[in-house]
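Asker: Protein chains in written order, with this note's numbering: chain E, 421 to 1130; chain R, 4 to 330; chain S, 2 to 348.
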């Protein structure tokens, strides 16, 4: 069938709703007589609740309920099925405090203002225990997790990295750290819970996975999955934190049950720093050795990350080092330290973002040590196959990415000497680069397609559009598979009553849902052809033809290592006196298989690069070391990039045909844009200033002239 | 937010009278008060809205000075021709602060009464002497990157967050007040108080007293005035260190200088020692650096803010260079 | 005339046979609203009616079953309109039986709310409910869900006024008083900490009774169903709640609703001219200046304010003067491009 829509830069189909305010995000869904709930958080990070005085709050005007451990209905806080993102929750079931701001009460009132006010009237007495706020304080307690998250192996050893390092003529070894970061989508998590009777529940929730949320709520309340419906037509940004149904989701439903009314619970910006996960702090040791020819002879990447006392999350930061460069001696490991903090979670490119900062910074250090151009060093160590998985890549166009980005950037004009360039205004100028990569995975998914007599098509699946363009690209895929115009197709998503699709995460949605929608639409097309097309439909007196099916992961892909690749080039300008580094321009070239929509794809990659900028220069959640409370608990103290921080960004698509990766030939691009980016910026800062900063974020204090005494 | 009664004052006298009632707060643009009320840090029983008072005028005074009405918005003040022509440091400081939306709402008077951004002050679970006298200070031994080097006490090291106030401190501004005991004028430098043993008190305002205007006197140094601000991102961030400087230049010499600092002190900080060092000198990097060093002489660095000693010096030098036109 | 089943009594069970199988409207363990109507068709519902009916049904946690002489319709609040189950015609027999059981045969239309236990919680009949189904359901929800008027009245009285006449009638009906409607009572005077305010939003006057602490943002979102304006931080740190007040961009989260009186407020809902998008909206669509879209209403209102200010012209100036609007998806370069394009287009 001739392709017409796929690839074309159509405007996002949901844009008109979004620019007019009509798009209904979770907290926008109107519910008559909804009551408002507010979560009261623990003041301490570790200990026990001895008493909660609620009488004053209960008497406050408009208060419908104050729910604490003393009167909360039973709820299953531990997940029975440990799917991705299923976390241990805090549902007012006991007196134990595991982290600061942990939910210890829920106040429900007839208006938001009254609930917020009454929430301040609770008085809680704790038995406080000393809390550990950072993994740095407890490195001795590091342990070896069973797996490095859903991606498998905790440790790997290929060859003998230790001996090879010892023998290597040139080597670098350094420790890199990345801080706690919070996703901070602009939409705070919101849940409105409505019980239909006692055992049926509808929830309007901001989530990356309506199906997973449904399953978890069914488990929490001990009701059948089919009795729960989760709806989220639009997600106001997610980046990983909305991948798990966190405590507040269940607490909203629990509160609705108690007050026998629909309840709306929107968490505050401050609670976004404690209730919905974070990127864990990591400490990463990287050692690289190469010969005088620049060929790597040893790669070591050892990672330690924090997790909570009650749940395990492993940031798989060392996975990239296992295959990114050709090397016979590679050793990687992951360790975890339990501290008195909330459970971390996936955050845009979990593992790859933090890990690539360390690995790609180390590669830059090695390039200087070997007196090689950093790009040349990478080319000399180009991996033509994945030696870790011992498989060929399904496709890999990294060389072309390097070439395209370097050319666009003007990399060849670079002087190798640090501190060798200044702007007319006297600011130091530096350039840096790094490799980007992210796995290209898919999941099983279902979808339904309906075509009506008038030729209009409705495609349905429970998957969600996080702002990634899912509505749009799936319309394009469906249009081509059915041979109908793009605008004949309507997508209905974000509703667990629709055919089940997986979590929108891990850059999997475009490929997963694209493949499923293509399959179901092709099936619909052939069934339609059998009955003689739309005319046949009319002849049979039927309004529509419907096909629903379940698409599995392409078995073919299992023979390959599937990854997207890219190259990031950055120029920074550093005003050393003011300790200010500005990213002046960014060029990224990416090869991600088939690009389904060049406009939305461009936006996603660009957004990832903006995230890299934030990660490199701004983002950090600080906890008070005495109390383990987050000190940076709003958007004044936790900086994300503003418009003025962001320079012109060039995104280059490198054409790539991948017949193996999945049915549709697309690799996701939600995450690759951030990978390597922070390292490219750090490398550019080194080039500009001669300062190697190994601890993110790179802020004023690290850039001020080092020598002057105060 | 605690429930409160709302009074919209149709005239100043009524505002003053209403403001005398216990637990009253005056409402200007709302950008500070509504914020701190919502997080429970400030909880008045009554809010007196000054929005209806005719205090938004920006007037050029007979001597060439400018009177900023207390309700003149930050955006209007920053765009006023007289400000741009003769008090550029005011416009620069205003435009370096907050966001366009906030500047459209925030008022001149309210800017003087901004609350600190100390994260412990804003977190009810942390002790804070400013919020709750006698509770203790979480910042002194805590995470104090944003905190003051100058003007702190054993009770409080919270930074005054305003940009505008730094410029006003440099320009010898006068704050005009009206209250139960009538009108008075307070030199800007005397308006804010140091935390000392009473960090909960932040200014000399008396109960019921309303800021009605801020006067910028016509002085020879106002034209060569500049504001330089170092912060963690390019825009919409509070100062790590900032400097407002003003130079009266003539015959290759600095006749008189003004230097005020922000982001590093518990109140808008006038660096008089540094000013004296500059008087009579020819502008040069060396003399600027000596002045900058003098400005930070009494700095008391803490665990996380020591870098600001050096940063503030660079900021001062940069501002002086710009004001002198040597950069 | 037959009498209605009493409040608190068991709802009579009946079965409607539909192409989708037998529909037993009562003993499902799920609340139901039964609406017996004579002249009514789903197509007659306007978008606003549908919106209101959905909100009401969500509030009741109920499915709506409309029993008309020519068919049966079943509504779930989150189904798409095209999925409304239409149990077609030739069901007159079933419907007539049901009407008999519920004492509404022929004479009048009626609405019943039946809870999950199959108990009748609300019953009222009146002529010709069909065209006013939305407000009839609202009144039913009011009667079932709203506790008796407390010392502090809760909702803004504009909506109370809108439905007061209806609600009053229905409430009387609940008490078994089936007489003609009585004029709505005047709203009570505000409690000491409440204000009656008038807001001018998108050219429309709205009367509200609010506590003074209610922000303009929460007044828009929670009381006026204008949810296009977003709450991102509730502290003036993100710009998602930006609206225009007399043409100037301001933060509705830091504005008390009471202080917004006397100003012309424009929200994202009021930016377009009917179906015709504002040039800034069009440019945002074309330049893909959004991804998740949550910051977008604030970005657009802010951009309109910026263009009106006429101070920022170069790309760098636009970047600086749009820095009060965070976009976590990182659409900034496209936002700048969209604003520049929109301005070029409008000049």
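Where a beta carbon is used, it is the ideal one built from N, C-alpha and C, also for glycine.
Return no unless some Cβ of chain R is closer than 8 Å to the Cβ of residue 251/S.
Answerer: With 8 Å as the cut-off, residue 251/S counts as an interface residue toward chain R.
Asker: Could you check the C-alpha separation between residue 890/E and residue 1012/E for me, to the nearest Å?
Answerer: For residue 890/E and residue 1012/E, the distance between alpha carbons rounds to 16 Å.
Asker: What is the DSSP secondary structure of residue 710/E, counted as helix, strand or coil?
Answerer: Residue state, collapsed to three classes: strand.
Asker: Going by alpha carbons, who is nearest to residue 284/S out of 440/E, 1101/E, 472/E?
Answerer: It is 440/E.
Asker: Along the alpha helix (DSSP H) that carries residue 831/E, what are the first and last residues, could you check?
Answerer: It is not in any alpha helix (DSSP H) - residue 831/E carries neither H nor E in the DSSP assignment.
Asker: Who are the neighbours of residue 9/R on chain E, taking C-beta pairs under 7 Å?
Answerer: Within chain E, no residue comes near residue 9/R; the closest Cβ sits about 13 Å away, beyond 7 Å.
Asker: What residue ranges within the stretch 906-973 of chain E form continuous alpha helix (DSSP H) runs of no fewer than 4 residues, ordered along the chain?
Answerer: You should have 929-950, 953-959.
Asker: What separation, rounded to the nearest whole angstrom, lies between the Cα atoms of residue 980/E and residue 706/E?
Answerer: Approximately 27 Å, taken between the alpha carbons.
Asker: Return no unless some Cβ of chain S is closer than 8 Å to the Cβ of residue 956/E.
Answerer: Output row for residue 956/E: interface = no.
Asker: Residues of chain E with CB under 8 Å from residue 108/R, in chain order?
Answerer: Per Cβ cutoff of 8 Å: no residues; residue 108/R is ~16 Å from chain E at best.
Asker: With a threshold of 16 other CB atoms inside 10 Å of the CB of residue 352/S, please say whether the residue is buried or exposed.
Answerer: Since the first residue of chain S shown is 2 and the last is 348, residue 352/S is not available in this structure.
Asker: Measuring only the C-alpha atoms, how far is residue 1082/E from residue 816/E?
Answerer: Going from the Cα of residue 1082/E to the Cα of residue 816/E covers about 15 Å.
Asker: Please confirm if the stretch 301-321 of chain S is in contact with the stretch 215-226 of chain R, defined as three or more CB-CB distances below 8 Å between the two stretches.
Answerer: In short, these stretches do not touch, since the Cβ pair count stays below three.
Asker: Could you name the residues of chain R that residue 536/E contacts, counting a contact when the two beta carbons are closer than 7 Å?
Answerer: Within chain R, the residues near residue 536/E are 4.
Asker: Return the Cβ separation of residue 291/S and residue 435/E in integer angstroms, given the expectation that the two are a contact with Cβ distance under 8 Å.
Answerer: Their Cβ separation, rounded to whole angstroms, is 7 Å, which keeps residue 291/S and residue 435/E in contact under 8 Å.
Asker: Would you mind listing the beta strand (DSSP E) stretches within the stretch 1075-1099 of chain E that are 3+ residues and don't spill past its ends, in chain order?
Answerer: The qualifying runs do not exist here; there are none.
Asker: Could you name the residues of the same chain whose beta carbon sits closer than 6 Å to that of residue 1153/E, not counting the 5 residues immediately before and after it, in chain order?
Answerer: Residue 1153/E lies beyond the range of chain E shown here (421 to 1130); nothing can be said about it.
Asker: Would you mind reading off the limits of the alpha helix (DSSP H) that contains residue 536/E?
Answerer: From DSSP, the alpha helix (DSSP H) with residue 536/E extends over 532-539.
Asker: In the DSSP assignment, find the unbroken alpha helix (DSSP H) run with residue 142/S in it and report its ends.
Answerer: First-last of the alpha helix (DSSP H) with residue 142/S: 134-146.
Asker: Around the C-beta of residue 927/E, are 16 or more other C-beta atoms found within 10 angstroms, so that it is buried, or is it exposed?
Answerer: The residue is buried, with at least 16 neighbouring Cβ atoms inside 10 Å.
Asker: Any C-beta of chain R sitting closer than 8 Å to the C-beta of residue 760/E?
Answerer: So no, residue 760/E is outside the interface.
Asker: Using the three-state DSSP reduction, which class does residue 122/S fall into: helix, strand or coil?
Answerer: In this structure, residue 122/S counts as strand in the three-state DSSP scheme.
Asker: Given this structure, state the Cα-to-Cα distance separating residue 47/S from residue 132/S, to the nearest angstrom.
Answerer: Taking the straight line joining both Cα atoms gives about 10 Å.
Asker: Measuring alpha carbon to alpha carbon, tell me which residue in 97/R, 61/R, 27/R, 160/R is nearest residue 85/R.
Answerer: Measuring from the Cα of residue 85/R, the nearest candidate turns out to be 61/R.
Asker: Which residues in chain E sit within 8 Å of residue 90/R, going by Cβ to Cβ distance?
Answerer: Ordered by position in chain E, no residue passes the 8 Å Cβ test against residue 90/R, which lies about 24 Å from the chain.
Asker: Note down the Cα distance separating residue 825/E from residue 991/E, rounded to an integer number of angstroms.
Answerer: C-alpha separation (whole angstroms): 13 Å.
Asker: When you compare each of 260/S, 219/S, 37/S to residue 236/S by their alpha carbons, which one comes out closest?
Answerer: Nearest C-alpha to residue 236/S: 219/S.
Asker: Which residue marks the beginning of the alpha helix (DSSP H) containing residue 91/R, and which one marks its end?
Answerer: Run containing residue 91/R: 91-98, per the alpha helix (DSSP H) assignment.
Asker: How long is the line joining the alpha carbons of residue 154/S and residue 569/E, rounded to whole angstroms?
Answerer: The predicted model places residue 154/S with a pLDDT of 38, which falls under 50 and marks its position as unreliable; any figure quoted below should be read in that light. Going by the C-alpha atoms only, they are around 52 Å apart.
Asker: Considering just the uninterrupted stretch of the beta strand (DSSP E) at residue 573/E, what are its terminal residues?
Answerer: Element bounds for residue 573/E: n/a, residue is neither H nor E.
Asker: From this set, 538/E, 1103/E, 473/E, which residue's C-alpha is nearest residue 839/E's C-alpha?
Answerer: Cα-wise, what sits closest to residue 839/E is 1103/E.
Asker: Go ahead and pull the three-state DSSP assignment for residue 1/S.
Answerer: The structure shown does not extend to residue 1/S, since chain S is modelled only from 2 through 348, so no value can be given for it.
Asker: Taking 7 Å as the limit between beta carbons, can you name the residues of its chain near residue 803/E, skipping five residues before and five after?
Answerer: Answer for residue 803/E: 743, 744, 745, 746, listed in chain order.
Asker: Below 8 Å between beta carbons: does that hold for residue 467/E and residue 519/E?
Answerer: Not in contact: residue 467/E and residue 519/E (Cβ atoms no closer than 8 Å).
Asker: In the DSSP assignment, find the unbroken beta strand (DSSP E) run with residue 217/R in it and report its ends.
Answerer: Unbroken beta strand (DSSP E) run through residue 217/R: 213-219.
Asker: Check distances from the C-beta atoms of the stretch 234-259 of chain S to those of chain B and list, in chain order, the residues that come in under 7 Å.
Answerer: In the structure shown, chain B does not exist; the protein chains are E, R and S.
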